[in-house]
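K.L.:
So the sequence shown is numbered by my numbering: it starts at 381 and just counts up by one.
Note that CB positions come from ideal geometry on N, CA and C, so glycine has one too.
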Amino acid sequence: MIARLLKRPAKSEDGSIVVEGARKATGGKGRTRIVMTMAVFFGIYSTITGRLVYLGFQNPDLSGGPQSRVTASRPDIVDRNGEVLATDIKTASLFAEPRRIVDADEAIEKLATVLPEIDYEQTYHKLKSGAGFVWLQRQLTPKQQSDIMQLGVPGFGFRTEKRRFYPAGETSSYIVGLTNIDNQGISGMEKYIDEQGLSDLQASGLAVAKDLKPVQLSIDLRVQHIVRDEVAAGMEKYRAIAAGAVVLNIKTGEV
């Protein structure tokens, strides 16, 4: 008798018959899924890494930044003896490039450790705006700038600006006036100087510190100190709401 030898079908642990071909097919599909999943994750991480590297080599896009007048210089204001009443000093201001911010929440949390007064919601909207440039904090102290630099947040940067400093303080403030945060005159002589053409020079980029001659006033800072002390004493003595004084040269009538 001629007999044919047949391979017995494989059985699972519960006794059911397992078709060998089906097992191989199932195993192949499983390996394919694993390979595809790994490829997807690899592609995602490669894209993120490539984007970070690309942004790291890009120059800051300041096209949305402030005009050059923000950091434009102003002339010194001096009294008749050359004593400085107002001058420019350099200060650092913090800006961000939202397109380079990876995690806005983390960036704000770190920044709040140095600037606890920042508005979280407003800052979050700035960092998520997708703009090329946004201000975060103007006119930082040197310590604040140093602490923020140590945070190492990608997308944060500093721009050197000018701010106005008044050595005489309140003694001559009502004459000299004030400037706003963009270093533009808003009152007193500061505003008058802008109205005489300084703002046009700043807008054209021609207002360079070394080319601006000091503006000399007729007041004497020494006399101003004396007058201020006397007026303050008179207000306190007579409980006045306000007071004023004018000093004249009795020989010439000069104020």
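Can you list, in chain order, the residues of its chain whose CB lies under 6 Å from that of Ile599, leaving out five sequence neighbours each side?
P.N.:
Closer than 6 Å at the Cβ level, and outside the excluded window around Ile599, lie Asp459.
K.L.:
Counting only C-beta atoms, is Thr551 closer than 8 Å to chain C at any point?
P.N.:
In the structure shown, chain C cannot be found, because there is only a single protein chain.
K.L.:
In terms of alpha-carbon separation, which member of Val626, Glu570, Ala511, Glu497 lies closest to Thr559?
P.N.:
Ranking Val626, Glu570, Ala511, Glu497 by Cα distance to Thr559 puts Glu570 first.
K.L.:
Name the residue from Ala511, Gly510, Gln525 whose alpha carbon lies nearest to the alpha carbon of Gln517.
P.N.:
Among Ala511, Gly510, Gln525, the Cα nearest to that of Gln517 is on Gln525.
K.L.:
Going by the beta-carbon positions, is the gap between Gly633 and Ala623 smaller than 8 Å?
P.N.:
Not in contact: Gly633 and Ala623 (Cβ atoms no closer than 8 Å).
K.L.:
Just tell me which of Gly532, Arg608, Gly462, Val603 has its CA closest to the CA of Val482.
P.N.:
For Val482, the nearest C-alpha among the options comes from Gly532.
K.L.:
Looking at C-alpha atoms only, which residue of Trp515, Gln530, Asp562 is the closest neighbour of Lys470?
P.N.:
Among Trp515, Gln530, Asp562, the Cα nearest to that of Lys470 belongs to Asp562.
K.L.:
Unbroken beta strand (DSSP E) runs of length 3 or more, entirely within the stretch 509-542: which are they?
P.N.:
Taking only runs of at least 3 residues, the beta strand (DSSP E) segments lying wholly in the stretch 509-542 are 514-520.
K.L.:
Does the ligand NAP have even one heavy atom less than 7 Å from the beta-carbon of Ile561?
P.N.:
This structure simply doesn't include the ligand NAP, nor any ligand for that matter.
K.L.:
Any chance you could list the beta strand (DSSP E) runs of at least 3 consecutive residues sitting entirely within the stretch 471-509, in chain order?
P.N.:
None, since the stretch 471-509 contains no complete beta strand (DSSP E) of that length.
K.L.:
Which same chain residues end up closer than 8 Å to Leu628 when comparing Cβ atoms and leaving out the 5 residues on each side of it in sequence?
P.N.:
Once the five neighbours on either side are set aside, the close Cβ partners of Leu628 are Glu634, Val635.
K.L.:
Just verifying my parser: in three-state terms, what is the DSSP assignment at Pro446?
P.N.:
Summary for Pro446: the model assigns pLDDT 46, below 50, so the residue's position carries little reliability; its value from the coordinates is reported in the next sentence. Three-state result, Pro446: coil.
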